[in-house]
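If you read the sequence shown in full-length UniProt numbering, its first letter stands for residue 1, the second for the next number, and so on. Where a beta carbon is used, it is the ideal one built from N, C-alpha and C, also for glycine. Values in this document were obtained by computation on a predicted structure and should not be read as measured data. Taking it in order: structure first as structure tokens, then the write-up.
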Amino acid sequence: MRIERRIWFIDRFGREFDDDVTVEAFIEMFDDVVAAVDDAEHCVVDICDSTDWYVEFSRTTVTLGQAEVGGEHLGDLPLTSREEAIAIAREFLGAASTLSEPDLGWPEHH
């Protein structure tokens with residue numbers, strides 16, 4: 001039995017939406033974060049899924065975590081470019097519908 005994986009975004013103002021969950025929509029939100037250099041409060045965008053994984057992007061880092069109660073913060077990686085952020089977002093958005101950890105190139109943490 002295949003489990004449907006629902007994905008949604010949380011924009012830099014904390015608004016959740018799942019009606020246009022595409023790489024293009026991510027790029028627009030990420031570019032807004034990068035452009036808002038004077039706004040320290042609204043400086044991240046998240047991609048979340050129904051298996052409780054999330055990827056959070058700031059201007060300079062990306063964080064992978066598990067959001068369920070007692071979930072795990074797997075760590076931060078520096079972002080070296082806009083293209084790197086887009087590639088990570090594309091990978092997370094395209095991950096197979098599984099209940100396992102997304103493989104986004106993070107070092108082993110177990």
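Here residue 45 is buried: its Cβ has 16 or more other Cβ atoms, across all protein chains shown, within 10 Å. When the alpha-carbon of residue 38 is set against those of 59, 19 and 53, the nearest one is in 59. Annotation: the segment 16-76 contains the following complete segments of the alpha helix (DSSP H) (minimum length 4 residues), in chain order: 23-35. Using a 10 angstroms sphere on the CB of residue 49, the tally of other CB atoms reaches 16 or more, which defines it as buried. Taking the CA atoms as reference points, residue 83 sits about 21 Å from residue 7. In the DSSP assignment, residue 13 falls outside any alpha helix (DSSP H) and carries neither an H nor an E. Bounds of the alpha helix (DSSP H) holding residue 93 are 82-94.
Within a 10 Å sphere around the beta-carbon of residue 15 sit fewer than 16 other beta-carbons, which makes this residue exposed.
A distance below 6 Å between beta-carbons, with the five flanking residues on each side excluded, links residue 73 to the following residues of its chain, in chain order: 65. In this structure, residue 76 places its C-beta atom within 9 Å of the C-beta atom of residue 63.
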